[in-house]
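Written below as structure tokens is the structure these notes are about.
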Amino acid sequence: MTLKDSYSEIAYRYDQFHGEFGKYDSQTYEFFKKIFQDHNITSVLDCACGTGRHLPLFQSLGCEVIGSDASTEMLNRARVNLSTLGANIEVLEADYRNLPEHFNKKFDAVVCLTSSILHMPNDSEFLRALKSMKKVLNNGGLLILTQGTADKQWSEKPRFILGPSHEKSSRVFVIDYHENGATYNMLDIHHPNGQSSLQSWSITYNKVFLHDDHKKLLTESGFKDIQFYGDYDFVTYNKQTSKRLISTAVKNQ
Ligand SMILES: C[S@@+](CC[C@H](N)C(=O)[O-])C[C@H]1O[C@@H](n2cnc3c(N)ncnc32)[C@H](O)[C@@H]1O
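Quick note, the working numbering runs 4 ahead of the 1-based positions in the sequence shown.
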């Protein structure tokens, strides 16, 4: 891959804190089901598919699905996950800023989920990514961006956030906030049968793009019908209360 692969060393344990591969909470499932129905989506590109977590969901909704990602190791995990599930879904290596170089077909939807868009270091690269996604969308096609960092967190700047916790392991986020960006330090505590060990990894976002950035850059890249939700239940985004930012926009010429 051409960009530094910050996921290469953690790809093998990326899925540890997510549920069983191929299983989804009902709110996430219903969100994609409704929005895909509303927009007549029959083909989907997940352009930062990581370990492939969302690909079977889109296939189960009757869509033709392809996954791409910039990380070789994340894609290797995706291939293992998909073949274990028996799902026949193609994944390939591509930087989402250059999608037209990799795809000569267009999609009804392009999705970029779980803060993958926060890997863009500045406005011009974010804009480049949006234009690339737009080019592989059909006219009338839908773009969906999701991230767990929202305006509320940015204004309150909590240092510690508790992540998922299971019987055998728990995750804690320790966050260093910079002027425009943030470093997420993740501590994974493994505590099976009274034993204890720790693994850590960090990811730095040069800029944390929030609601106003999404609005400005989606508008600048020519997307229309831009909507913001605060969660998968379609609640309208609220800067004071929302814990998640979901942006959707339509390519209209
Ligand atoms: C937090 S993971 C999310 C993965 C997946 N969407 C999920 O929901 O689990 C972020 C992903 O974005 C990918 N990524 C970062 N920059 C990228 C780029 N420029 N083009 C394509 N993928 C990129 C990383 O390799 C990683 O797999």
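Just so it is clear, CB atoms sit at the ideal spot from N, CA and C, and this is done for glycine as well. Treat the numbers as computed from the prediction; the structure is a model and nothing was measured.
#### Entry: Sub-8 angstroms separation of residue 18 and residue 55 beta-carbons
yes
Taking residue 76 and residue 9 to be in contact with their CB atoms under 8 angstroms, please state how far apart those CB atoms are, rounded to whole angstroms. For a cut-off of 8 angstroms, the C-beta gap from residue 76 to residue 9 is around 7 angstroms, short enough to register as a contact.
Is it buried or exposed, residue 151, if we count other Cβ atoms within 10 angstroms and call 16 or more buried? Around the beta carbon of residue 151, 16 or more other beta carbons lie within 10 angstroms, which makes this residue buried.
- prompt: Can you tell me whether residue 48 is buried or exposed, with buried defined as 16 or more other CB within 10 angstroms of its CB?
  reply: The residue is buried, with at least 16 neighbouring Cβ atoms inside 10 Å.
Item to complete: Please confirm whether any heavy atom of ligand 1 lies closer than 7 angstroms to the CB of residue 154.
Response: no
For residue 97, three-class secondary structure by DSSP:
strand
Rounded to the nearest angstrom, what separates residue 147 and residue 198 at their Cα positions? 46 angstroms
Those runs of the beta strand (DSSP E) which lie wholly inside the stretch 74-123 and span at least 3 residues: 94-97 and 111-116
Q. Where residue 112 and residue 141 are concerned, what is the direct C-alpha to C-alpha distance, given to the nearest angstrom?
A. Here the alpha carbons of residue 141 and residue 112 stand approximately 6 angstroms from one another.
**Asked** Does the Cβ-Cβ distance between residue 93 and residue 69 come in under 8 angstroms?
**Response** One thing to note: residue 93 has its Cβ within 8 angstroms of the Cβ of residue 69.
Any non-hydrogen atom of ligand 1 within 7 angstroms of residue 106 CB:
No, since every heavy atom of ligand 1 falls outside the 7 angstroms radius drawn around the Cβ of residue 106.
Are the CB atoms of residue 227 and residue 253 within a distance shorter than 8 angstroms?
yes
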